[in-house]
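S.K.: Numbering (this note's numbering), first residue to last: 29 to 221. No residue lacks a Cβ here, since even glycine has one placed at the ideal position from N, Cα and C. What follows is a structure written as structure tokens; I'll ask about it next.
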């Protein structure tokens with residue numbers, strides 16, 4: 029079992045392989061096949077409004093497909109879009125927190141818009157300051173058959189790819205067996221609480 033920090037080749041990165049991502053067609057795929065890669069590229073190329081609209085609408089569609097699936101499966105239940113959508117509601121917040129399928133499209137669009145604006149701030153930061161390793165939000169990958177399955181940091185990986193970086197710096201790399209052990213330890217810890 030091995031854990032190390034490394035700069036990994038952009039060409040050896042694939043998306044998280046959780047079920048909802050696979051069902052939506054981009055799980056386990058290389059960076060240029062991720063839907064948000066296209067939106068980020070549009071943004072970087074100056075098509076701001078089109079990029080934002082496409083990204084928000086895609087998130088809304090994904091939300092209604094996966095709003096009842098847990099984050100641990102790649103779903104959007106109680107994830108960022110869900111959380112931001114609830115913030116705009118005046119009534120029924122608790123019910124919609126527990127059952128996100130009760131949310132209307134307008135609330136979800138507002139939530140998705142907030143998330144996209146945050147992602148755009150990330151893009152602008154990388155463009156203006158270069159890529160910075162964030163010690164509070166490390167990128168994690170699992171090495172499987174010479175490829176690196178990202179478990180987080182997908183948007184940062186897409187941005188650096190579009191900007192022409194050859195490597196994604198400072199990734200914490202787990203072996204498959206160590207990653208499985210970590211997942212079990214997290215489950216045990218939750219059970220003991």
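1. How about residue 110 and residue 86: do their beta carbons lie closer than 9 angstroms?
2. Please classify residue 90 as buried or exposed, where buried requires at least 16 other C-beta atoms within 10 Å of its C-beta.
3. Note the first and the last residue of the continuous beta strand (DSSP E) segment covering residue 178.
4. With a 10 Å radius around its C-beta and 16 neighbouring C-beta atoms as the bar for buried, classify residue 194 as buried or exposed.
5. Helix, strand or coil for residue 29, going by three-state DSSP, please let me know.
6. Taking Cβ to Cβ, would you say residue 92 is nearer than 9 angstroms to residue 143?
7. Relative to the C-alpha of residue 175, which candidate in 136, 122, 63 and 203 has its C-alpha closest?
8. What does the alpha-carbon distance come out to for the pair residue 62 and residue 119?
9. Using alpha carbons as the reference points, say which of 168, 116, 220 and 44 lies closest to residue 206.
10. Take the Cβ of residue 104 as the centre, count every other Cβ of all protein chains shown within 10 Å, and call the residue buried at 16 or more, exposed below.
M.R.: On the basis of the data shown:
1. Contact: no.
2. buried
3. 175-178
4. exposed
5. Bear in mind that a pLDDT of 45 at residue 29, under 50, signals an unreliable position, so the model cannot answer this.
6. no
7. The shortest C-alpha separation from residue 175 is found at 203.
8. 35 angstroms
9. 168
10. buried
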